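A.B. asks: To start, I am sharing the structure in question, which I have written as structure tokens.
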Amino acid sequence: MCYGVFQEYYSETRFLKGSLSATGVIGTTSNGVLYLSMPFLFAAFSQRYARYRHAVALCGVGLAFISFLLSSFSTDVWHVVATQGVLAPLGSALIYSPTTLSLGESFTTSNRAVAYGVVFSCKNIVGSACPFLLRFLLDRYGFRTTMRIWTAVITGSSLGAIFLIPAAGHHTCTRSRHTPWHFLKHQTFYIYGIATIMQSSGYGLPQTYLNSYAKDVGSLSQASATLLLTLFNIPGILSCSFFGYLSDNKRYPLSATTMTWTSSICSALSVFLLWGLAPRSSMATLSLFSIIYGFFASGYSSTWGGVIKQLEHESAARNEAIDIGVVYGLLNGARGLGYVSGGLAGVQLLKTGSLHGPGKSGYATEYGPLIIFTGLTSVFGGWSVIWKCKRPFF
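Residue numbers (this note's numbering): 6 to 399.
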């Protein structure tokens, strides 16, 4: 959520050896590793190894601690790629997977989407508060001390949270260890899985590059650039819970198709009309983009509760069993595929753009191709509306 601060710091200080352009991959690769590992972890700890959830989460804390601590000793680009981009997110996945499984089992179909949305809102709270905090620490204490402080914060907060999670109940540990895979025969799963991949491939790019865009292209101050990242995350605090509420709302029920389409089309419009057409140095327009895109794009993951609910209804109609933990893990895996592909594409797209192109809008900069890519992937994130057009839209 805050990697853009580090990305900019690496470019400014150039204290790392190696190709600095590779640091642009770290943020999206980190998200990719985090989410790509979840299908395996959710499948393993949903039923078969449910009794080991607490132990695995504690192992994740240990791995995250080692990764961030080793990162503070980095001297080469590949060091931070390995520690921040691979090992640390793997540790985070070991924490997130078992705890989220416990969360999903604690709520019923009628309020599960809200519960997931609240969790995503917490993610945005961190993303809103940390950019200025991390920038302050980097400027005052430097990279190495900042990473050690961050290591202590992550370790302490994670340990405290894990011990608040209830252990897997007896019914969880003793029920059938065979995972039902019937949902893989449902077209619905693939429609939303592909949509998630497309949306995620562009979602991580503004978080990574908007900070650098504001300084390099817009010639904005450091404080203004960091503010954009904060404005990106603050709306998500509300939207994640709000989209979850809309997915669970009984009075005016909205389908998963409606929710994903709304999130996607509004996100795409903000990219094309605000980021792309904004004058390079317009702080007001970039701020408006951060707020609108941050609100609608951040809420996309909270629609998964509605997707799972739809799959549950389809499975019930066919008298099939379904494991929501496994489904949720696979949706996270789809998100990871999008993050990795988007991160790799972003590095290449920056090479095709021109810093001094004709015109004064974002399209006329080296970030132009990246902006277009972000907008298009947002559009395709709502493609389920094409497949569902023959059914009731609401």
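Ideal placement from N, C-alpha and C gives every residue a C-beta, glycine not left out.
Model, not experiment: these values are computed from the prediction.
From the DSSP output, in three-state form, read off D81 for me.
C.D. replies: Stepping through the sequence shown from its first residue, residue 81 is reached at position 76. D81 falls in the strand class under three-state DSSP.
A.B. asks: Going by DSSP, what residue range makes up the alpha helix (DSSP H) through T151?
C.D. replies: Counting from 1 along the sequence shown, the entry for residue 151 is found at position 146. From DSSP, the alpha helix (DSSP H) with T151 extends over R117 to I167.
A.B. asks: In angstroms with no decimal places, state the Cα-to-Cα distance between G358 and S107.
C.D. replies: As a first step, residue 358 is located in the sequence shown; it is residue number 353 there, counting from the start. As a first step, residue 107 is located in the sequence shown; it is residue number 102 there, counting from the start. Answer to the nearest angstrom: the Cα atoms are 46 Å apart.
A.B. asks: According to DSSP, simplified to helix, strand and coil, what is S346?
C.D. replies: Stepping through the sequence shown from its first residue, residue 346 is reached at position 341. The answer is helix: DSSP assigns S346 an H, G or I state.
A.B. asks: In chain order, what residues of the same chain lie with their CB nearer than 6 Å to the CB of S205, ignoring the 5 residues before and after it?
C.D. replies: The residue you call residue 205 lines up with position 200 of the sequence shown. Around S205: R340, G343 and Y344.
A.B. asks: If you draw a straight line from the alpha carbon of L316 to that of G338, how long is it in whole angstroms?
C.D. replies: If you number the sequence shown from 1, residue 316 lands on position 311. If you number the sequence shown from 1, residue 338 lands on position 333. Computed Cα separation, rounded: 17 Å.
A.B. asks: Can you tell me the Cβ-Cβ gap for V38 and V91, rounded? I've got them flagged as a contact below 8 Å.
C.D. replies: Locating residue 38 in the sequence shown gives position 33, where the first residue counts as 1. Locating residue 91 in the sequence shown gives position 86, where the first residue counts as 1. Indeed they touch by this definition, with Cβ atoms about 5 Å apart.
A.B. asks: I400: buried (16+ other C-beta within 10 angstroms of its C-beta) or exposed?
C.D. replies: Outside the displayed span of the chain (6 to 399) sits residue 400, for which this structure offers no information.
A.B. asks: If you draw a straight line from the C-alpha of S366 to the C-alpha of G380, how long is it?
C.D. replies: The residue you call residue 366 lines up with position 361 of the sequence shown. The residue you call residue 380 lines up with position 375 of the sequence shown. Spanning the two alpha carbons is a distance of roughly 15 Å.
A.B. asks: Would you kindly work out how many angstroms separate the C-alpha atoms of V85 and Y8, rounded to a whole number?
C.D. replies: Position 80 of the sequence shown holds residue 85. Position 3 of the sequence shown holds residue 8. Their backbone Cα atoms lie some 12 Å apart in a straight line.
A.B. asks: Taking K128 as the reference, give the member of C245, F277, L164 and S272 with the closest Cα.
C.D. replies: Here residue 128 corresponds to residue number 123 of the sequence shown, with the count starting at 1. Closest option to K128, Cα to Cα, is C245.
A.B. asks: Find out if the Cβ-Cβ distance for the pair G311, S252 is shorter than 8 Å.
C.D. replies: Within the sequence shown, numbered from 1, the residue matching residue 311 stands at position 306. Within the sequence shown, numbered from 1, the residue matching residue 252 stands at position 247. Yes, the pair counts as a contact, with Cβ atoms nearer than the cut-off.
A.B. asks: Indicate the three-state DSSP secondary structure (helix, strand or coil) for K314 in the structure shown.
C.D. replies: Here residue 314 refers to the residue found at position 309 when the sequence shown is read from its first residue. Reduced to three states, the DSSP call for K314 is helix.
A.B. asks: What does the alpha-carbon distance come out to for the pair E325 and K314?
C.D. replies: If you number the sequence shown from 1, residue 325 lands on position 320. If you number the sequence shown from 1, residue 314 lands on position 309. The straight-line gap from Cα to Cα measures roughly 14 Å.
A.B. asks: Does K255 come out as helix, strand or coil in the three-state DSSP assignment?
C.D. replies: The residue you call residue 255 lines up with position 250 of the sequence shown. Coil, per DSSP.
A.B. asks: Tell me the DSSP bridge mates of P284?
C.D. replies: Looking up residue 284 in the sequence shown gives position 279. According to DSSP, which records beta bridges pairwise, P284 is partnered with S366.
A.B. asks: Taking buried to mean at least 16 other C-beta atoms within 10 Å of its own C-beta, is T33 buried or exposed?
C.D. replies: Here residue 33 corresponds to residue number 28 of the sequence shown, with the count starting at 1. Classification for T33: buried.
A.B. asks: Among L279, V352, T382 and L335, whose alpha-carbon lies nearest the alpha-carbon of S51?
C.D. replies: As a first step, residue 51 is located in the sequence shown; it is residue number 46 there, counting from the start. Comparing Cα-Cα distances from S51 to each of L279, V352, T382 and L335, the minimum goes to L335.
A.B. asks: Output yes or no for whether 8 Å exceeds the beta carbon distance between W83 and G161.
C.D. replies: Against the sequence shown, residue 83 aligns to sequence position 78. Against the sequence shown, residue 161 aligns to sequence position 156. It is not a contact, given that the beta carbons lie outside the stated cut-off.
A.B. asks: Measure the C-alpha to C-alpha separation of A87 and A350 and round it to an integer number of angstroms.
C.D. replies: As a position in the sequence shown, residue 87 is number 82, starting the count at 1. As a position in the sequence shown, residue 350 is number 345, starting the count at 1. Roughly 19 Å separates the two Cα atoms.
A.B. asks: For W266, does the count of other Cβ atoms within 10 angstroms reach 16, so buried, or fall short, so exposed?
C.D. replies: In the sequence shown, counting from the first residue as 1, residue 266 sits at position 261. Looking at its Cβ environment, which holds 16 or more other Cβ atoms inside 10 Å, W266 is buried.
A.B. asks: Could you name the residues of the same chain whose beta carbon sits closer than 6 Å to that of W309, not counting the 5 residues immediately before and after it, in chain order?
C.D. replies: The count along the sequence shown starts at 1 and reaches residue 309 at position 304. Taken in chain order, the residues that qualify are L336.
A.B. asks: Determine the burial state of T80: buried for a count of at least 16 other Cβ atoms within 10 Å of its Cβ, exposed for fewer.
C.D. replies: The residue you call residue 80 lines up with position 75 of the sequence shown. Exposed is the call here.
A.B. asks: For G29, report the span of its alpha helix (DSSP H) as first-last.
C.D. replies: Taking the sequence shown and counting its residues from 1, the one referred to as residue 29 is at position 24. Start and end: G29 to L41.
A.B. asks: How would you label F11, buried or exposed, when you count the other beta carbons within 10 angstroms and need 16 or more for buried?
C.D. replies: Here residue 11 refers to the residue found at position 6 when the sequence shown is read from its first residue. So F11 ends up on the buried side.
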